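Each residue of the sequence shown is one higher than the one before, starting from 779 at the first, in the numbering used here. Each residue gets a CB set at the ideal place from its N, CA and C atoms; glycine is no exception. Computed from a predicted structure; not experimentally measured.
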Amino acid sequence: MKSSEIRRRFIDFFEKRGHKIIKSASLISSDEKGVTNPTLFNTAGMQPLIPYLLGKPHPLGKRLADVQKCLRTIDIDDVGDETHATFFEMLGNWSLGDYFKKEAIEWSYEFLTSKEEGLGLDPSRLYVTVFEGDENAPRDDEAAKIWLDIFKANRVEGERVFFMSAETNWWEAGDSGPCGPDTEMYFDVKGFFNSKGISKQEFIEADSKNEVVEVWNDVFMQYEKRNGQITGKLEKPSVDTGAGLERLAMTLQGVDNIYDTDLFGTIMKTLENCTNFNLKSARIVADHLRASVFLISDGIIPFNTGRGYVLRRLIRRATLFSNKLGISDLSHTSLVDTVFDIYKDVYEEFNDDLKRSAIKEEISKEINNFKMTLDMGVRKFQHLIKSGIENISGQDAFMLFSSYGLPIDVTVDIAKERGLSVDKKGYEAEFKKHQETSRSGAEKKFKGGLADTSEKSLKYHTATHLLHQALIDVLGDEVRQKGSNITPERLRFDFTFGRKLTEDEKNEVESIVNEKISENLTVDKVVMPIDEAKKTGAKHFFGEKYGDSVSVYFIGEKLENAYSKEFCGGPHVNSTGDLGNFKITKEESVAQGIRRIKAILE
């Protein structure tokens, strides 16, 4: 059964049973600072519905169903095996204080086994678990009895209902939020066991070997948890049921891993033609590219912190592992278009040519920026290995980051491939030491003349780069920066020019800077060898002594055609749209042939 058919049958099944179908929420969690553990992304189907599970009325009623986009990176190191993925879709139906255990379990069984309306699974190959009870809540005998009655009514013989601990059969959103016992449904994928049932020990062993696979989960939200403690029962208990589409597709398509399903099949077929094909590397590339497409579609762009860093890490890992496959330029492959084609009938935005182009451009830009960083970092990494080291010290890991721009997670990935470990605690200590040094000497550190690294100073720093280029645009190439001073209140910029600026010239400079601000151009950085950096045309102080590698900050989509690019220690804002309105307050002479501009952001 194709994944599209699984989706359709699920929606039709629950719509016929009085459920309103709701659209998937964005991957971006709306509960980042809410009642549950703060998360950057929606990591489960129920997460966008937490306020309603806690009692808030939903505008569409008490019965809902959806297919929710989710993203989890906690298992990123396991991606590449049979079942783990960062992006996935959860099928879910919800009762918000309406039906409870009996209807939820009966409908789950019916959807899983019905050949006419559901998935048509053989009921004699189903096994279920229920909560065995602990100090927080009693054993869920009610759920167990419902299951036993269902199996008896359908003449399904043998032992197949097992009481399990809270480790597997208790669900909670985090330290705070709704929680309760659950019942999980497993399917004997390859028919290893006869229809007579199996013992609990046989089931546990089969689960550990992936001979039975979880295909559905019903969570009974009966309790509320706050700050790690159960505070009591919910006034209106709810039901949260769900199943991962990828695992259902794997089960119904008769394959033993999610990457052989139709959700990944065409991507994997393309990767199989690679020169140095490796199954795990191909799976990582397929997963990370798919996740990146959905993140960018939901408005995330690569950055050094928060959600943007998760996206940056995914794209960079995909690039790293594509190199192992022999792909010289991942951005020039058809893989992103393949992702669009797989999902275009489900997510209408993937039919929009402009949207598709923007997503591809964002991925391409990040890949190209990372390639320069990666090439230098890997060369230095290999030099370290040749020197005879057995493991990467924290000092070396930080050197790879600070001098070559190689992120710690990439260093860990490369080291792991070579059987080496990385002293991450040592790296964190070096990073902290660097931060303390930076804070104590901020004015000396930043060539841009920052007195501090406050948010306002960062804005003025970026505005100074725009001003520098705008002056060249208006006055010509004789303009050279001679110095700058930046505070949270204003910027001061000194430059070479032989006369006073006219009012028209000042107005034109202002206009250009504000135009670039309104274009909301991205601000990014790449670390590269000094000779390569000079070839890009990046502005720098002539006669200044730089190291073997330098940071180049550029404003625009790509380094090669960026509006502004300069050797710079940073830091800067994420995009020019953060700056506000730029206004020149004064233009004066400070020495023969040197002018000074003072400006503010309003």
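Straight-line spacing of the CA atoms in K847 and L838 works out to 20 angstroms.
In this structure, the CA atom of G1347 is about 12 angstroms from the CA atom of D1302. Separation of the CB atoms of M1028 and I1036 is rounded to 5 angstroms, and the pair is thereby assigned contact status at 8 angstroms. The beta carbons of K1260 and D1272 sit about 4 angstroms from each other, so the pair counts as a contact at 8 angstroms. Close CB contacts of A1069 within its chain, under the 7 angstroms cut and outside five residues either way in sequence, are with L849, T864, F865 and L1092 (chain order). One thing to note: I1186 has its Cβ within 8 angstroms of the Cβ of A1175. Considering only G896, I1105, A822 and V997, the residue with the shortest C-alpha distance to P1015 is V997. The alpha helix (DSSP H) runs lying completely inside the region 1035-1082 and spanning 4 residues or more are 1043-1049 and 1057-1075, given in chain order. The beta carbons of E1297 and T1240 sit about 13 angstroms from each other, so the pair does not count as a contact at 8 angstroms.
In this structure, the straight-line span from the alpha carbon of E783 to that of L869 is close to 13 angstroms. The three-state secondary structure of M779, taken from DSSP, is coil. In terms of Cα proximity to G823, the closest of E867, F791, D790 and G858 is E867. Annotated three-state conformation of Y830 is helix, per DSSP. By the Cβ rule, the region 999-1017 counts as touching the region 871-886, because three or more pairs are nearer than 8 angstroms. Per DSSP, S1329 is one residue of the beta strand (DSSP E) stretching across S1327 to I1333. At a Cβ-Cβ threshold of 8 angstroms, V993 and F970 do not count as neighbours.
By DSSP's assignment, T1274 forms a beta bridge with I1372. Each residue's CA atom was taken as its position, placing R1258 and K1210 some 35 angstroms apart.
Nearest C-alpha to D912 among I924, N947, L904 and L899: N947. The Cβ neighbour count for P835, taken over all protein chains shown within 10 Å, is under 16; the residue is labelled exposed. Going by DSSP, T1354 is part of no alpha helix (DSSP H) at all; its letter is neither H nor E.
A Cβ-Cβ distance of about 6 angstroms is found for the pair L1030 and L897, placing them in contact under the 8 angstroms criterion. A direct Cα-Cα distance of roughly 15 angstroms separates G1006 from E945. Between F819 and L805, the alpha-carbon positions lie close to 5 angstroms from each other. According to the DSSP assignment, A843 belongs to the beta strand (DSSP E) that extends over R841 to L849. At a cut-off of 4 residues, the continuous stretches assigned as alpha helix (DSSP H) that sit fully inside the region 1280-1315 are 1281-1296 and 1308-1313. G1204 and G1358 have their C-alpha atoms some 40 angstroms from each other.
Positions of the beta strand (DSSP E) runs, each at least 3 residues long and wholly inside the region 975-1033, are given as 990-1004 and 1007-1022 in order along the chain. Counting every other CB atom within 10 Å of its CB across the protein chains shown gives A931 a total below 16, marking it as exposed. According to DSSP, residue pairing for F866 in a beta bridge involves C848. Taken in chain order, the complete beta strand (DSSP E) segments of 3 residues or longer contained in the region 936-975 are 939-942, 948-950 and 955-966. Secondary structure of N1263 (DSSP, three-state): strand. Here the alpha carbons of K974 and Y905 stand approximately 11 angstroms from one another. A distance below 8 angstroms between beta-carbons, with the five flanking residues on each side excluded, links E1208 to the following residues of its chain, in chain order: G1172, Q1173, A1175 and F1176. If you compare the alpha carbons of E1126, R1090 and R1277 with that of E1144, the shortest gap goes to R1090.
I1074 is a Cβ neighbour of I1141, given a cutoff of 8 angstroms.
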